[in-house]
Amino acid sequence: MGTRWSGLVVRSAAITLAALLLALGPASGQQDPAIGPGDVLLITVVGEPGLSGTYTVRGDGVIVFPLVGEIPAAGATPRDLVQRLSTALRRYVRNPQVQVSFLQVVPRKLFVYVLGQVVRPGAYEYQPGLSLAEVIAQAGGPTTRAALRNAFVIRKTRQIAVDLEALLMRGNASQNVLLEPGDVIIVSQSEDRVHVLGEVAKPGYYELREGDRLLDVIQKAGWFTPKAGPDRISVMRNDGQQLRLDLVAFLQKGAADQNVTMQPGDVIFVPETDNRAAVIGAVKNPGSYVVRPGMRVVSLLLEAGGPTDKANLSEVGVIRQVNGKPTVIRTNVEQFLRQGGEGGLNLELTAGDVVFVPERGRPFSWEGFFDWLNRLTFFLFLFR
-15 MGTRWSGLVV RSAAITLAAL LLALGPASGQ QDPAIGPGDV LLITVVGEPG
35 LSGTYTVRGD GVIVFPLVGE IPAAGATPRD LVQRLSTALR RYVRNPQVQV
85 SFLQVVPRKL FVYVLGQVVR PGAYEYQPGL SLAEVIAQAG GPTTRAALRN
135 AFVIRKTRQI AVDLEALLMR GNASQNVLLE PGDVIIVSQS EDRVHVLGEV
185 AKPGYYELRE GDRLLDVIQK AGWFTPKAGP DRISVMRNDG QQLRLDLVAF
235 LQKGAADQNV TMQPGDVIFV PETDNRAAVI GAVKNPGSYV VRPGMRVVSL
285 LLEAGGPTDK ANLSEVGVIR QVNGKPTVIR TNVEQFLRQG GEGGLNLELT
335 AGDVVFVPER GRPFSWEGFF DWLNRLTFFL FLFR
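Number 368 marks the last residue of the sequence shown (the numbering used here); no jumps.
Okay, structure coming up:
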């Protein structure tokens, strides 16, 4: 109820402000356009040839007229200026009959207005063909508090509802309204949203649709990064309840209880996966990589950019914790590749493995390697 009421208040205030903007600015195609600086006017005072002639509106918006001096003109219509001149001339001319028309009009800049939950609200110059998506981009995009599904465009007396979520996140061109001069775009504030943190492509705040579940929100956030651990997602609720959820179980086994319905205010945290292995030595990009189910040594070497020219692939070692102690499993990757990918030399990896690729031409022994490893506590450092 509170959310609906606050939305109505914001909507009402936005419409009022939009109406004021429209009233202040010249509308496209109106019958009696406003006078602006630089315009050249033909002003005739019937029976007074000395007063009649052409007058240019100064940069400060006034004209200088005989007998009466400076008369404000910018923003007025010709009809308004007739009234002003007639009133001023009555002191000097009996029943003055004044006529005002345009001889030359300086091209006006036309604007559209973006209000509410965008990064840079304000007026933006209109160009023919300007679309809603373009002006939202010019305004810096929606803020994290934007109610994307409840935006609207006010056009004179008409209101056009638009779904910015469909337009900006799903590329729905039907929501990309072509704008007209004077249009006012209102992006209201959302109260029903969740916060997504951690290993997703686009962390941030996301608006909830009724019935949205965890997977729906993850999709809005651009899906998981390669480092994500989707089997260990945490959700913190407003009441202090904390959920531990496994989307892998939902995706692979259909465990529906792991894909919960989200609530306003939920904070979702996607941690890094524990399923990682490291590759060091003579590879192009040493480092830590995610171990996928069934992943083997050669696949990990490829993810690390492949071996260097100096790599000794016949002496590759996989260091694995066995009963709390590091143990080396040697594998001849060179022989595996020569055999066309056959044989049992391409070892399957497990989380925590360290693959070491020595260099050719350098004296090497696994005993010496372990002495060095123990001195630096390298293994523990990688996975602490």
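Heads up, the beta-carbon is just placed ideally off N, CA and C, and yes, glycines get one too. Nothing here was measured: the structure is a model prediction, and the numbers come from that model.
Bridge partners - residue i, DSSP secondary structure assignment
{"i": "L26", "result": "T38, S85"}
{"i": "I47", "result": "I55"}
{"i": "G188", "result": "V180"}
{"i": "E332", "result": "R280"}
{"i": "K309", "result": "V306"}
{"i": "L291", "result": "It should be pointed out that residue 291 corresponds to Pro in this sequence rather than to Leu. Answer is V267, bridged to P291."}
{"i": "F208", "result": "V184"}
{"i": "F95", "result": "E109"}
{"i": "T245", "result": "R197"}
Counted within 10 angstroms of its Cβ, other Cβ atoms place residue i as buried (16 or more) or exposed
{"i": "Q101", "result": "buried"}
{"i": "G31", "result": "exposed"}
{"i": "G213", "result": "buried"}
{"i": "K204", "result": "buried"}
{"i": "R368", "result": "Here the model assigns R368 a pLDDT of 44, short of 50, so the residue's position is not dependable, and the following value carries that caveat. With fewer than 16 Cβ atoms within 10 Å of its Cβ, R368 is classed as exposed."}
{"i": "S172", "result": "buried"}
{"i": "V24", "result": "exposed"}
{"i": "A288", "result": "buried"}
{"i": "L51", "result": "exposed"}
{"i": "L163", "result": "buried"}
{"i": "F234", "result": "buried"}
{"i": "N222", "result": "exposed"}
{"i": "Q242", "result": "buried"}
{"i": "L87", "result": "exposed"}
{"i": "E54", "result": "exposed"}
{"i": "T38", "result": "exposed"}
Residue range of the alpha helix (DSSP H) that includes residue i
{"i": "E287", "result": "281 to 287"}
{"i": "V338", "result": "Run containing V338: none in the alpha helix (DSSP H); it sits in the beta strand (DSSP E), 338 to 341."}
{"i": "S70", "result": "62 to 73"}
{"i": "I19", "result": "That residue, I19, is in no alpha helix (DSSP H); it is neither H nor E in DSSP."}
{"i": "V77", "result": "Premise fails: V77 is in no alpha helix (DSSP H) and is neither H nor E."}
{"i": "V201", "result": "198 to 204"}
Residue i - containing beta strand (DSSP E), residue span
{"i": "Q226", "result": "226 to 229"}
{"i": "T305", "result": "The sequence shown places Gln at residue 305, not Thr. From DSSP, the beta strand (DSSP E) with Q305 extends over 300 to 306."}
{"i": "V317", "result": "Careful: V317 lies outside any beta strand (DSSP E), inside the alpha helix (DSSP H) at 317 to 322."}
{"i": "I169", "result": "168 to 171"}
{"i": "L376", "result": "Outside the shown range of the chain, which is -15 to 368, sits residue 376, and nothing can be said about it."}
{"i": "V251", "result": "251 to 254"}
{"i": "V161", "result": "Per DSSP, V161 belongs to no beta strand (DSSP E) and is neither H nor E."}
{"i": "V219", "result": "217 to 220"}
{"i": "V263", "result": "260 to 265"}
{"i": "V274", "result": "271 to 274"}
Proximity winner among the options, relative to residue i (alpha-carbon distances)
{"i": "I170", "options": "F340, P255, R139", "result": "R139"}
{"i": "L199", "options": "L162, V244, E183", "result": "V244"}
{"i": "T315", "options": "L65, V300, R322", "result": "V300"}
{"i": "G188", "options": "F253, G22, L114", "result": "F253"}
{"i": "F320", "options": "G34, L331, T311, P310", "result": "L331"}
{"i": "A261", "options": "P255, E318, P248, Y273", "result": "Y273"}
{"i": "P165", "options": "K309, L94, G289", "result": "L94"}
{"i": "Q83", "options": "D337, G308, I27, I202", "result": "I27"}
{"i": "V103", "options": "Q122, P112, N160, S85", "result": "Q122"}
{"i": "R280", "options": "A145, E191, D337", "result": "D337"}
{"i": "L151", "options": "V251, E175, P126, S174", "result": "P126"}
{"i": "Q159", "options": "I144, K237, G249", "result": "I144"}
Minimum Cβ-Cβ distance from residue i to chain D less than 7 Å
{"i": "V339", "result": "Reference to chain D is not applicable here, since this structure consists of a single protein chain."}
| request: Output the residue ranges of the alpha helix (DSSP H) runs that lie fully inside the stretch 97 to 154 and measure 4 residues or longer, sorted by chain position. | output: 116 to 122, 148 to 154
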